[in-house]
Amino acid sequence: MSALSINISNLSEGVHQRTLEALPEEVGLDGRFSESTVVSAMLEKTSRQLYLRAEFKTGGMFTCDRCLEEFRKELAGKFQIVYVNDERAQAGIEDEEVQLLSPEANTVDLTEDVRQFITLAFPQKMLCKEDCAGLCTVCGGNRNLALCDCEVEEADPRWDGLKKLLGD
291 MSALSINISN LSEGVHQRTL EALPEEVGLD GRFSESTVVS AMLEKTSRQL
341 YLRAEFKTGG MFTCDRCLEE FRKELAGKFQ IVYVNDERAQ AGIEDEEVQL
391 LSPEANTVDL TEDVRQFITL AFPQKMLCKE DCAGLCTVCG GNRNLALCDC
441 EVEEADPRWD GLKKLLGD
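Residue numbers (the working numbering): 291 to 458.
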């Protein structure tokens, strides 16, 4: 049984709370993640389905896409999944949040779902801060640490016609 599995074999009908914790390698996360993944789950069990609402939180050291500095970042998110134990209830539903659960199942393993939702929580650009100034294109210095006196090269004069059209 994985660290992100919930034993449902003797779970009574009603609402239940669970907090689960797994190491990055147990979730299948790469070396950038240095903190455990914590999942807070609320389960509501009925005779035909198991409704899960969960929040996750993890973190690690990442490289800024603009200035290439290492920084710590926390990733968090929420998700929900409905597990149904009747194939007819799932028929016709093409929703990733609805999954078929065998009536004989004793556990629900959230590992793959959590890994996928962590992947979706990644920003397109990983920035150390919103206003990161990045690197100087001339000297390569980190413009967050110090301003440089580098001369910005003049644009190619062949672009002047376009510049006039744009009103610059």
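Glycine included, C-beta positions come from ideal geometry on N, C-alpha and C.
The structure displayed is predicted, hence computed values, not measured ones.
Exercise. May I have the straight-line CA-CA distance separating residue 380 from residue 370, to the nearest angstrom?
Key: For the purposes of this step, residue 380 is identified with residue 90 of the sequence shown, where counting begins at 1. For the purposes of this step, residue 370 is identified with residue 80 of the sequence shown, where counting begins at 1. The predicted model places residue 380 with a pLDDT of 49, which falls under 50 and marks its position as unreliable, so this point remains unresolved.
Quiz item: So what does DSSP say about residue 400, is it helix, strand or coil?
Solution: Translated into positions along the sequence shown, residue 400 becomes position 110. In the displayed model, residue 400 falls within coil according to three-state DSSP, outside both helix and strand.
Quiz prompt | From 451, 363 and 424, residue whose alpha carbon lies closest to that of residue 323 | solution = Mapped onto the sequence shown, residue 323 falls at position 33. Closest option to residue 323, Cα to Cα, is 363.
Exercise. Identify, in the order they occur along the chain, each residue of the same chain with its Cβ nearer than 6 angstroms to the Cβ of residue 341, setting aside the five sequence neighbours on each side.
Key: The residue given as residue 341 occupies position 51 in the sequence shown. Excluding sequence neighbours, residue 341 sits near 334 and 372.
Quiz prompt | Selection from 320, 367 and 296 that minimises the alpha carbon distance to residue 310 | solution = On the sequence shown, position 20 is the one that residue 310 refers to. Out of 320, 367 and 296, 296 has the C-alpha closest to the C-alpha of residue 310.
Quiz item: Hey, residue 313 and residue 405: beta-carbon distance below 8 angstroms or not?
Solution: Counted from its first residue, the sequence shown places residue 313 at position 23. Counted from its first residue, the sequence shown places residue 405 at position 115. No. Outside cutoff.
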